[in-house]
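*Asks:*
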């Protein structure tokens, strides 16, 4: 008869795997303004598919915890496989474009997002459904339209941080977190918008916690 100790090791290993796969409370859904990515000292490179549209692009769908911590790179055995998302490539190029240099087709960006963040939510998503879910949220949230309806245009002008937050909340129904970066002159500009998704990846929720960081009260919305 096997001892209790010998039986406990594989059980503990299984519990550890299950625990690591589910160790998050919600997702940050992060959208990025390309004009702000490019309008920095580092600048940017357009993808090999051409200049993206002047619209917010997806940065990622990131599992996060209510205490501000987050899991990452949870399953090194599940590496990115481009063949699994062949049917999404056109949409990914349009809605999840890379702006990193040197110019490339986006594969490295998507692989990074899946391996760092997606593998931590394998209890909910496989690779295809991870990207498809993010694309579906993007199509249901027209952030640019929400801002433009409030008179906030990507024209290089400065707008109050409060007016930007209010416009996005009015358009989506949920309060956003706004991340800023700095242009070549050091001006604070609208860079990324964070909204939150429940742990099942099915619907937007109010964010349990916002990232740390602070924008100026007036921020630039650069052209692209």
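Residue numbers (mature numbering (1 follows the signal peptide of the UniProt record, and there is no 0)): -23 to -1, 1 to 201. Virtual Cβ for every residue (Gly too), placed ideally from N, Cα, C.
Could you compute how far the alpha carbon of residue 80 sits from the alpha carbon of residue 87?
*Replies:* Answer to the nearest angstrom: the Cα atoms are 14 Å apart.
*Asks:* Please name the residue in 8, 191, 170 and 49 whose C-alpha comes closest to that of residue 143.
*Replies:* Selected option, being the one with the closest Cα: 170.
*Asks:* Round the Cβ separation of residue 176 and residue 2 to the nearest angstrom and send it over; I've been treating them as touching at under 8 Å.
*Replies:* Contact holds; Cβ gap of about 6 Å.
*Asks:* Please classify residue 10: does DSSP put it in a helix, a strand, or coil?
*Replies:* Three-state DSSP puts residue 10 in coil, outside helix and strand.
*Asks:* Do residue 167 and residue 10 have their beta-carbon atoms positioned less than 9 Å apart in this structure?
*Replies:* Their beta carbons are under 9 Å apart, which means residue 10 touches residue 167 by this criterion.
*Asks:* Can you tell me the Cβ-Cβ gap for residue 5 and residue 42, rounded? I've got them flagged as a contact below 8 Å.
*Replies:* 11 Å between Cβ atoms; not a contact.
*Asks:* Just reading off the alpha helix (DSSP H) that residue 148 is part of, what are its end residues?
*Replies:* Start and end: 138 to 149.
*Asks:* Where in the stretch 44 to 129 do unbroken runs of the beta strand (DSSP E), each at least 3 residues long, occur, reported from the N-terminal end onward?
*Replies:* Counting whole runs of 3 or more residues, the stretch 44 to 129 contains no beta strand (DSSP E) stretch at all.
*Asks:* In terms of DSSP beta bridges, what is residue 19 paired with?
*Replies:* Answer by DSSP bridge pairing: none, since residue 19 is not bridged.
*Asks:* Does any CB atom of chain C fall closer than 9 Å to the CB of residue 156?
*Replies:* The chain inventory of the structure shown lacks chain C, comprising one protein chain alone.
*Asks:* When the Cα atoms are used, what is the spatial distance from residue 52 to residue 153?
*Replies:* Looking at the two C-alpha atoms, the distance is approximately 30 Å.
*Asks:* Could you tell me the distance, in whole angstroms, from the CA atom of residue 108 to the CA atom of residue 28?
*Replies:* The straight-line gap from Cα to Cα measures roughly 21 Å.
*Asks:* Please return the same chain residues whose Cβ sits closer than 7 Å to the Cβ of residue 186, not counting the five positions on each side in sequence.
*Replies:* The residues are 43 and 45.
*Asks:* At 3 residues or longer, what runs of the beta strand (DSSP E) sit wholly inside the stretch 153 to 193?
*Replies:* For the stretch 153 to 193, whole beta strand (DSSP E) runs of length 3 or above, ordered along the chain, are 154 to 159 and 165 to 175.
*Asks:* Ignore the nearest five residues each way along the sequence and tell me which others in residue 105's own chain have a CB closer than 6 Å to its CB.
*Replies:* The answer, listed in chain order, is 61 and 62.
*Asks:* I need the straight-line Cα distance from residue 151 to residue 25, nearest angstrom please.
*Replies:* One C-alpha to the other measures close to 35 Å.
*Asks:* Determine the DSSP secondary structure at residue 198, reduced to helix, strand or coil.
*Replies:* Correct three-state label for residue 198: coil.
*Asks:* When DSSP builds the beta bridges, which residues end up paired with residue 1?
*Replies:* Residue 1 pairs with nothing; no bridge assigned.
*Asks:* At which residues does the beta strand (DSSP E) containing residue 34 begin and terminate?
*Replies:* Unbroken beta strand (DSSP E) run through residue 34: 34 to 41.
*Asks:* Tell me which residues share the same chain as residue 84 and place their Cβ nearer than 7 Å to its Cβ, disregarding the 5 neighbours each side in the sequence.
*Replies:* Within the same chain, residue 84 has close Cβ partners 59.
*Asks:* Could you tell me whether the Cβ atoms of residue 18 and residue 197 are closer together than 9 Å?
*Replies:* Contact: no.
*Asks:* Could you say which of 64, 195, 132 and 55 lies nearest to residue 95 if we only look at CA atoms?
*Replies:* Of the listed residues, the one whose Cα sits closest to residue 95 is 55.
*Asks:* Enumerate in chain order the residues of its own chain whose CB-to-CB distance from residue 148 is below 6 Å, with the five nearest sequence positions on each side excluded.
*Replies:* Cβ neighbours of residue 148 beyond the five flanking positions: 123.
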